[in-house]
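For reference, the structure is listed below as structure tokens.
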Amino acid sequence: MFDLSGRVAVVTGGARGIGKATSTRLLEFGATVVIADSRLEAAQQTAGELGAGASARQVDVADSSSVRALVEAVTAETGRLDIWVNNAGIVEDALALDMADDVWQRTIDVDLTGTFFGAREAGRYMVQHGGGAIVNISSIAAYRATRPEHHVAYDVAKIGVAHMAKVLASEWAQSGVRINAVAPGYTNTDILKDVGSSNPEIMQAWLAQIPQGRLLEPDEIAKVIVFLVSDAASSITGQVIHADAGFTAW
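Add 561 to a position in the sequence shown, counting from 1, and you land on the number used in my numbering.
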């Protein structure tokens, strides 16, 4: 049920964190994986670490022509596109009253519009070729106002990403294309570690809100993504899976 042999996957923001862990797991289950990232060198380094079956491409998810070119390049080279993971994203901490216009716009452009461009371009190919699986990466910040950090643009974008999966699942259900979302909790990525290391009080505030009392590991999110794109999840579309150590349980 979890065998992905012969399938081609694209993971945006795949050079590190959840994207890297997802690429690793997809390879483990037999997929050919394209690590797509705005930082080509980082993507190439990750592809080199993962070895056979992994390759790197540069993409700006906020630029529809860049995303379209990525789909065209991957399908021309491999002859197919079966899995797309919309993982690329950014976040900047700022109080709403202090948030600059360009910070708001850039966050929306990358996190929300970029996810739509990825889903649309991958979806176009998949609808035309009889099916596929897409996963959008949302966040617990879509469902609860996070504290002590403040990032309203990110939070708003991530609830849009989650609802997008529902809308597109409804549109594409008869075409064999499934699309779901995963809403990770506080995950032990480089960005989160940097914030927590420099602000121990913030780390303690996070842990106090998590029923399991711990950060998640990127691989825990990756395994949920692999499940959703596999045949084991053939009946699941338009859903948001909360992988958050119980954060949104109450």
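Just so you know, even glycine gets a beta-carbon here, dropped at the ideal spot from N, CA and C.
| task | Label Ala-744 either buried or exposed according to how many other C-beta atoms from any shown protein chain fall within 10 Å of its C-beta, with 16 as the threshold for buried. | result | Residue environment for Ala-744: buried (at least 16 other C-beta atoms within 10 angstroms of its C-beta).
| message | From the DSSP secondary-structure annotation, give me the bridge partner or partners of Asn-697. | response | Looking at the DSSP output, Asn-697 sits in a beta bridge with Asn-647 and Ala-742.
| said: When you compare the CB positions of Ala-649 and Thr-573, do they come within less than 9 Å of one another, or not? | reply: Yes. Within cutoff.
| task | Mind listing, in chain order, the continuous alpha helix (DSSP H) runs of no fewer than 4 residues lying wholly within the region 590-635? | result | Contiguous alpha helix (DSSP H) elements confined to the region 590-635 occur at 601-611, taking only those with 4 or more residues.
| When DSSP labels each residue in this structure, what does Val-671 get in the three-state scheme? | In this structure, Val-671 counts as helix in the three-state DSSP scheme.
| task | Leaving out five residues on either side along the sequence, give the residues of the same chain with a beta carbon under 7 Å from the beta carbon of Met-725. | result | Excluding residues within five positions, the ones whose Cβ falls inside 7 Å are Thr-676, Phe-677, Ala-680 and Asn-697.
| Would Ala-655 pass as a contact of His-712 if the rule is Cβ separation under 9 Å? | The Cβ atoms of Ala-655 and His-712 sit closer than 9 Å to each other.
| task | Rank Gly-614, Val-728, Leu-729 and Glu-710 by C-alpha distance to the C-alpha of Tyr-747 and give the top, closest one. | result | The shortest C-alpha to C-alpha distance from Tyr-747 to any of Gly-614, Val-728, Leu-729 and Glu-710 is the one to Glu-710.
| message | So, does the region 712-723 touch the region 759-778, judging by three or more C-beta pairs under 8 Å? | response | They do not touch, by the three-pair rule.
| query | With burial defined as no fewer than 16 other Cβ atoms inside 10 Å of the residue's Cβ, what is the status of Ser-791: buried or exposed? | reply | Around the beta carbon of Ser-791, a 10 Å sphere encloses 16 or more other beta carbons of the protein chains shown; the residue is thus reported as buried.
| Using the C-alpha atoms, what's the distance from Asp-598 back to Gln-619? | The straight-line gap from Cα to Cα measures roughly 5 Å.
| message | Assuming His-803 is part of the alpha helix (DSSP H), what are its boundary residues? | response | Looking at the DSSP string, His-803 is not in any alpha helix (DSSP H); the run it does join, the beta strand (DSSP E), is 801-804.
| query | So, helix, strand or coil for Ala-570, using DSSP? | reply | Looking at Ala-570 - three-state DSSP - the assignment turns out to be strand.
| N- and C-terminal bounds of the alpha helix (DSSP H) containing Ser-796 | Per DSSP, Ser-796 belongs to no alpha helix (DSSP H) and is neither H nor E.
| request: Within the same chain, show all residues whose beta-carbon is closer than 8 Å to that of Leu-777, passing over the 5 residues directly before and after it, in chain order. | output: Excluding positions up to five away in sequence, the list reads Pro-745, Gly-746, Tyr-747, Thr-748, Asn-749, Ala-804, Asp-805 and Ala-806.
| said: Starting from His-812, trace the alpha helix (DSSP H) in both directions and tell me its first and last residue. | reply: Because residue 812 is not part of the residues shown, which for the chain are 562 to 811, the question remains open.
| said: Tell me the DSSP secondary structure of Ala-702 in three-state form. | reply: Ala-702 falls in the helix class under three-state DSSP.
| said: On the DSSP letters alone, give me the boundaries of the alpha helix (DSSP H) that Ile-786 sits inside. | reply: Membership of Ile-786 in the alpha helix (DSSP H) is indicated by the continuous run 779-790.
| Would DSSP call Ala-661 helix, strand or coil? | DSSP places Ala-661 in coil when its eight states are reduced to three.
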